[in-house]
Amino acid sequence: EFVRAVILKGRGGDAVAEIEYDAVKIHANDMDLSFPNQIFINNKFMDSSDGNTFETIDPTTEKVITKVSKATKKDVDKAVEAARKAFEEGEWGKMNARDRGQLMYRLADLMDQHKEELATLESMDSGAVYTLALKTHIGMSVDTFRYFAGWCDKIQGTTIPINNARPNKNLTYTKREPIGVCGIITPWNYPLMMLAWKMAACLAAGNTVVLKPAQVTPLTSLKFCELAAKAGFPPGVVNVVPGSGSVCGQAIADHPKVRKLGFTGSTPIGKTIMESCASNIKKVSLELGGKSPLMIFSDCDMDKAVRNACSGVFFNKGENCIAAGRLFVEEKIHDEFVERVVAEVKKMKIGNPLNRDTDHGPQNHKAHLDKLLEYCDIGVQEGATLVYGGKRADMPGLFMEPTIFTDVEDHMMVAQEESFGPIMIISKFRESEMDDMLKRANNTEFGLASGVFSNDINKALYVADNIQAGTVFVNTYNKTDVAAPFGGFKQSGFGKDLGQEALNEYLKTKAVTVEY
Ligand code: TAP
Numbered sequence: 403e404f405v406r407a408v409i410l411k412g413r414g415g416d417a418v419a420e421i422e423y424d425a426v427k428i429h430a431n432d433m434d435l436s437f438p439n440q441i442f443i444n445n446k447f448m449d450s451s452d453g454n455t456f457e458t459i460d461p462t463t464e465k466v467i468t469k470v471s472k473a474t475k476k477d478v479d480k481a482v483e484a485a486r487k488a489f490e491e492g493e494w495g496k497m498n499a500r501d502r503g504q505l506m507y508r509l510a511d512l513m514d515q516h517k518e519e520l521a522t523l524e525s526m527d528s529g530a531v532y533t534l535a536l537k538t539h540i541g542m543s544v545d546t547f548r549y550f551a552g553w554c555d556k557i558q559g560t561t562i563p564i565n566n567a568r569p570n571k572n573l574t575y576t577k578r579e580p581i582g583v584c585g586i587i588t589p590w591n592y593p594l595m596m597l598a599w600k601m602a603a604c605l606a607a608g609n610t611v612v613l614k615p616a617q618v619t620p621l622t623s624l625k626f627c628e629l630a631a632k633a634g635f636p637p638g639v640v641n642v643v644p645g646s647g648s649v650c651g652q653a654i655a656d657h658p659k660v661r662k663l664g665f666t667g668s669t670p671i672g673k674t675i676m677e678s679c680a681s682n683i684k685k686v687s688l689e690l691g692g693k694s695p696l697m698i699f700s701d702c703d704m705d706k707a708v709r710n711a712c713s714g715v716f717f718n719k720g721e722n723c724i725a726a727g728r729l730f731v732e733e734k735i736h737d738e739f740v741e742r743v744v745a746e747v748k749k750m751k752i753g754n755p756l757n758r759d760t761d762h763g764p765q766n767h768k769a770h771l772d773k774l775l776e777y778c779d780i781g782v783q784e785g786a787t788l789v790y791g792g793k794r795a796d797m798p799g800l801f802m803e804p805t806i807f808t809d810v811e812d813h814m815m816v817a818q819e820e821s822f823g824p825i826m827i828i829s830k831f832r833e834s835e836m837d838d839m840l841k842r843a844n845n846t847e848f849g850l851a852s853g854v855f856s857n858d859i860n861k862a863l864y865v866a867d868n869i870q871a872g873t874v875f876v877n878t879y880n881k882t883d884v885a886a887p888f889g890g891f892k893q894s895g896f897g898k899d900l901g902q903e904a905l906n907e908y909l910k911t912k913a914v915t916v917e918y
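Numbering (UniProt numbering) for the sequence shown: 403 to 918.
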């Protein structure tokens with residue numbers, strides 16, 4: 403059902419602007435939802451230039467939620483031009499940094515006020531369990547905007563004592579400047595959170611942006627646009643172009659006026675993006691795939707290790723870039739550990755992600771579920787022991803049983819490749835073989851995250867020092883925070899999201915030398 407929605411000036415606490423668009427209205431999760439389904443350019447929602455659309459599907463019901471406008475290359479050009487104009491000629495480029503911060507705080511407040519609506523949309527579009535979507539997908543997005551809002555007026559340069567051209571004196575100072583029009587391309591696992599991680603740093607630095615969300619999960623990024631306009635962001639600062647990677651994403655990566663590209667997604671697409679960025683020497687940051695090792699020593703707190711291993715693998719149905727992709731469990735505790743994780747997995751409630759007692763929702767989309775089932779088949783063919791799951795759950799919707807493999811050997815595909823699904827992969831090591839185990843854990847082209855459980859601080863820090871990964875969790879897992887830099891090594895990419903370091907990805911340094 404399409405109805406014209408008008409958001410009135412001043413309504414909803416902090417809103418300052420009005421925006422009018424053809425809203426999709428549905429009733430779900432005991433609430434009325436109203437959201438856009440068109441391209442967003444210059445603070446206006448519009449159809450694509452050729453009028454084409456694509457369908458976005460609810461993985462719980464496999465039914466179409468709505469059609470969404472499918473951006474063309476022409477639409478990308480239009481969005482980039484809007485962003486360029488906003489950066490070079492508009493109010494945004496002249497705005498005081500502190501005022502920019504206020505806008506971002508206001509947007510964060512609006513996201514907070516709409517969190518139930520956003521979490522419901524995220525849950526329906528991506529299959530995320532609602533309670534998790536509220537806390538993580540949306541909650542961390544709000545926190546990210548608040549965190550970077552605080553950075554706006556703290557982006558500073560340095561003064562540098564260079565050699566003087568005697569008898570004159572010289573002074574060099576640096577300025578940290580925004581780059582200009584930035585492109586952002588996001589994946590489908592945490593649709594709004596991946597937007598927030600990149601866009602908040604990008605806007606805090608003073609840039610304008612054209613973002614392409616993943617085709618299978620566009621809805622929260624469009625609802626976000628409504629809130630950005632409502633918060634008072636000037637036209638052209640935030641532009642969102644839903645569409646395919648091969649057309650719309652590629653057009654952003656190729657665009658000569660886009661000066662920076664922030665990408666989160668798979669390693670193969672990251673490589674093509676990096677090549678495309680060479681066309682105009684775009685600055686690029688890549689957050690790519692992972693196969694993060696989680697190493698569990700016999701001297702660990704077993705309860706904690708079991709709990710964290712389960713959430714490390716099954717959090718967000720395993721659709722988590724830092725998911726513990728491979729467990730190394732010390733032989734001495736291996737059998738007990740396996741018994742206990744199986745017992746935990748048996749307790750997990752699979753079902754409608756909007757139900758408050760559900761632990762495990764449907765996989766994001768059909769092609770992904772099919773890939774996961776094939777991954778399990780290969781694991782069995784390779785000779786790994788399938789201890790639990792490995793198949794589609796016996797119910798309607800794209801549900802997969804949480805899965806556990808043991809006896810996984812290093813040469814197997816399941817030991818090497820990311821599944822991006824609810825599949826625990828367990829290998830063994832002996833106490834005397836710590837260095838050998840570290841070698842095995844490092845013998846991968848990925849280097850996103852890692853974890854270690856041990857009550858021996860020397861052992862834990864030895865592992866932390868010697869593991870090749872951008873993130874190391876010691877006696878915890880998945881503990882990300884908006885203030886801590888996040889990003890991988892090796893073919894997991896480069897450049898950081900979150901923390902102060904993320905600002906560097908969206909700034910350039912100008913050195914000014916004065917003689918007096
Ligand atoms: P991809 O298939 O790489 O897609 C990511 C995004 O790139 C999508 O928006 C996609 O568009 C777009 N894209 C595809 N081809 C493109 C092209 N030629 N030019 C420009 N854009 C293009 O990844 P995915 O399947 O969505 O996400 C899963 C992967 O992301 C996993 O490997 C996971 O580990 C990784 N990931 C990493 C992190 C971090 S922080 N390192 C976080 C989350 C996910 P479509 O909508 O058409 O697909």
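Yeah, the Cβ is synthetic: ideal placement off N, Cα and C, and Gly gets one too.
Problem set entry | Assigned secondary structure, residue 530 (DSSP; H/G/I helix, E/B strand, else coil) | In the structure shown, residue 530 sits in coil (DSSP, three-state: anything other than H, G, I, E or B).
Exercise. Considering residue 547, what are the terminal residues of the beta strand (DSSP E) in which it resides?
Worked result: Run containing residue 547: none in the beta strand (DSSP E); it sits in the alpha helix (DSSP H), 541-551.
For this session: Quick one: give me the first and last residue of the alpha helix (DSSP H) that residue 654 is part of.
Result: Counting along the chain, the alpha helix (DSSP H) containing residue 654 begins and ends at 652-656.
Problem set entry | Inter-residue Cα distance where the pair is residue 631 and residue 596 | Across the structure, residue 631 and residue 596 are spaced so that their CA atoms are roughly 20 Å apart.
Exercise. Looking at the structure shown, is residue 580 part of a helix, part of a strand, or coil, going by DSSP?
Worked result: Taken through DSSP and simplified to helix, strand or coil, residue 580 comes out as strand.
Exercise. Should residue 589 be counted as a contact of the ligand TAP given a C-beta to heavy atom distance under 7 Å?
Worked result: Inclusion of residue 589 in the 7 Å shell around the ligand TAP follows from its C-beta lying nearer than that to a non-hydrogen atom of the ligand.
Exercise. Opposite residue 917 in the DSSP bridges: which residues?
Worked result: Bridge partners of residue 917: 572.
Exercise. Whose CA, out of 446, 466, 644 and 611, lies closest to the CA of residue 799?
Worked result: Selection 446, 466, 644 and 611 evaluated against residue 799 yields 466 as nearest (Cα-Cα).
Exercise. Do you know how far the Cα of residue 449 is from the Cα of residue 880?
Worked result: Computed Cα separation, rounded: 39 Å.
Exercise. Beta strand (DSSP E) containing residue 615: first to last residue?
Worked result: For residue 615, no beta strand (DSSP E) encloses it, and the DSSP letter there is neither H nor E.
Exercise. Is residue 689 near the ligand MN, with its Cβ less than 7 Å from a heavy atom?
Worked result: Among the ligands present in this structure, namely the ligand TAP, the ligand MN is not found.
Problem set entry | Nonlocal neighbours in the same chain, by C-beta distance under 8 Å from residue 911, ignoring five residues either side | The answer, listed in chain order, is 559, 576, 577, 578 and 579.
Problem set entry | Distance, residue 717 Cα to residue 738 Cα | Near 22 Å, if we compare the C-alpha coordinates of residue 717 and residue 738.
Problem set entry | Rounded separation between residue 892 and residue 845 - CA only | Roughly 11 Å separates the two Cα atoms.
Problem set entry | Beta-bridge partners of residue 826, as assigned by DSSP | DSSP lists 806 as partners of residue 826.
For this session: Would you identify the three-state DSSP class for residue 686, choosing helix, strand or coil?
Result: Strand at residue 686.
Problem set entry | Residue nearest to residue 417 in terms of C-alpha spacing, selected from 659, 516, 854 and 622 | For the residues 659, 516, 854 and 622, the minimum Cα distance to residue 417 belongs to 516.
For this session: Return the CA-CA distance between residue 791 and residue 806, expressed in angstroms with no decimal places.
Result: Cα-Cα distance, rounded: 7 Å.
For this session: For residue 827, verify whether its CB is less than 7 Å away from any heavy atom of the ligand TAP.
Result: Here the distance from the Cβ of residue 827 to the nearest heavy atom of the ligand TAP is not below 7 Å.
For this session: Indicate whether at least one CB of chain D lies closer than 8 Å to the CB of residue 515.
Result: Considering every chain present, this structure includes no chain D. It has just one protein chain.
For this session: Measure the C-alpha to C-alpha separation of residue 468 and residue 645 and round it to an integer number of angstroms.
Result: Using only the alpha carbons, I get a separation of about 14 Å.
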